[in-house]
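First up is the structure itself, then whatever we jot down about it.
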Amino acid sequence: MGGYISRDREPDLAASFGALEEKQLSVSQPLARNGVLQPGKVYFIPARCGAAVVLEKGKMLTLINVSGLQVCDMWAFNTSDPDEFLSMEHTRTHLGRLVPVVGDSMVSNRRNEMLELVEDTSPGVHDTLIAACDINRYRQLGVSEYHDNCVDNLRMALLAIGKEVSHVPSPFNVWMNVPLDGDGSLTFVPPVAKRDDRIVFKAMMTCYVVMSCCPQDITAVNGVGSQTESIGVMLGD
Ligand SMILES: [Zn+2]
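Mind the numbering: the sequence shown is residues 192 to 428 in my numbering, read in order.
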């Protein structure tokens, strides 16, 4: 099996990926070595990086949009069987809507409740439609060198706590603003969140939660011409 970065699909970039794996903070500096955070402490995922944490059933996880303009791709996997994961398509069916609101539970690919959205200080604009950015997305956007991306961040963040998953599901794109127009078209525009907006999830099953500070700096999803930023994370009771 290849490395956790997508070198198997990009063999010509394998050499530079090897160097990257050693310095990328997603894999070298987990928020906690075993993924278990200290309750009440605010951790920061560095800009352009990912992090994986263990969220026990009944516990809360808060994400903080430090800049107000940073999108956070988020995934969850059942710790007992990571082939069960948070599924956007199953969640849309379960809720009968595109985006969850406070009080909604998001479900797995086996239609079990995984995460409840318990608080959201932002206007509630998030995305469940768009795949995580990956090296091929940046290639198609004209980037010839390696570009940090959410798919690699997911793999590296899990590896940093000693885990692997068999594939990359569609993420819950927290604060990502991709409005669906009446004619069916989608546009990629900046978040409408504000500085220090918080969103809080409660685990309905014990899961690994993986987050990536989306390094997308070609489209406007992290703000026009703005820097990509860090995201705050806090475990609560
Ligand atoms: Zn991304």
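Ideal placement from N, C-alpha and C gives every residue a C-beta, glycine not left out.
Exposed unless 16 or more other CB atoms sit within 10 angstroms - verdict on residue 277: buried
From 404, 286, 324, 344, residue whose alpha carbon lies closest to that of residue 219: Nearest of 404, 286, 324, 344 to residue 219, Cα basis: 344.
Span separating the alpha-carbon of residue 260 from that of residue 275: 31 angstroms
Residue 393 versus residue 248: straight-line alpha-carbon distance, rounded: 8 angstroms
Residue 285 versus 388, 272, 300, residue with shortest Cα-Cα distance: 300
Sub-9 angstroms separation of residue 294 and residue 409 beta-carbons: no
Span of the alpha helix (DSSP H) around residue 351: 341-351
heavy atom of ligand 1 below 8 angstroms from residue 242 C-beta: no
Cβ distance (whole Å) where residue 263 is taken to contact residue 402 below 8 angstroms: Here residue 263 really is in contact with residue 402; their C-beta atoms are around 5 angstroms apart, less than 8 angstroms.
Touch test, the stretch 304-317 against the stretch 356-375, Cβ-Cβ under 8 angstroms, three pairs minimum: Yes: at least three Cβ pairs fall under 8 angstroms.
Inter-residue spacing [alpha-carbon to alpha-carbon] between residue 352 and residue 254: 19 angstroms
Sufficient close CB pairs (3 or more, under 8 angstroms) joining the stretch 318-328 to the stretch 367-385: yes
Residue 264 beta carbon near ligand 1 (any heavy atom closer than 8 angstroms): Answer for residue 264: yes, Cβ within range of ligand 1.
Three-state class that DSSP yields for residue 299 in the structure shown: strand
Under the three-state DSSP convention, the category residue 309 falls into: In the structure shown, residue 309 adopts extended strand secondary structure according to DSSP, grouped into three states.
Top-ranked residue by Cα proximity to residue 231, from 417, 419, 407, 391: Considering only alpha carbons, the answer is 391.
Secondary structure, alpha helix (DSSP H): runs of 4+ residues fully inside the stretch 239-304: 279-286
With 16 other Cβ atoms within 10 Å as the buried cut-off, status of residue 225: exposed
CA-to-CA distance, residue 258 to residue 387, given in whole angstroms: 7 angstroms
Cβ neighbour criterion (16 or more within 10 Å) applied to residue 415: Its Cβ having fewer than 16 others within 10 Å, residue 415 is exposed.
Terminal residues of the alpha helix (DSSP H) in which residue 364 lies: Looking at the DSSP string, residue 364 is not in any alpha helix (DSSP H); the run it does join, the beta strand (DSSP E), is 363-365.
Classification of residue 282 by the beta-carbon crowding that lies within 10 angstroms, buried from 16 upward: Here residue 282 is buried: its Cβ has 16 or more other Cβ atoms, across all protein chains shown, within 10 Å.
Pair within 9 angstroms by beta-carbon distance, residue 361 and residue 323: yes
Buried versus exposed call for residue 241 [16 or more other C-beta atoms within 10 Å across all chains shown]: buried
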